[in-house]
Amino acid sequence: METVIVLQPDELLRLPAHSQWECIGGAGWLSQHGLDTTVLCGSRLDIDDPRGALIEAIGGPIRLRHRQEAATPLLSRWLHRAGHAG
């Protein structure tokens, strides 16, 4: 199962702690541990802040792909609740 999330500009999403993502399109800002970093296509995101991380699309939609082959049941439930299952 491949999980892809698409965020529109100015849309915020909290990525869960201990998850790994890859930006497969667009650009955004990622905030974790109180630091902001630019996310560009090809960036790999390791969410190691126990509170998770906030991501926001900038300049257009951003597409993120979950980097593990299959999402854990907990992550699958989280994605479904967030409206990004898939």
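Residue 370 is where the sequence shown starts when you use the numbering used here, and the numbers rise one by one after that.
We put the beta carbon where it would ideally sit given N, CA and C, even for glycine.
Residue i versus residue j: straight-line alpha-carbon distance, rounded
i           : j           : result
residue 435 : residue 389 : 6 angstroms
residue 426 : residue 397 : 4 angstroms
residue 394 : residue 410 : 5 angstroms
residue 382 : residue 376 : 8 angstroms
residue 378 : residue 385 : 20 angstroms
residue 399 : residue 371 : 21 angstroms
residue 429 : residue 392 : 13 angstroms
residue 433 : residue 413 : 9 angstroms
Those residues which DSSP pairs with residue i across a bridge
i           : result
residue 437 : Bridge partners of residue 437: none, in fact.
residue 379 : BP columns for residue 379 are empty, so no partner.
Segment limits, beta strand (DSSP E) that includes residue i
i           : result
residue 397 : 396 to 401
residue 427 : Element bounds for residue 427: n/a, residue is neither H nor E.
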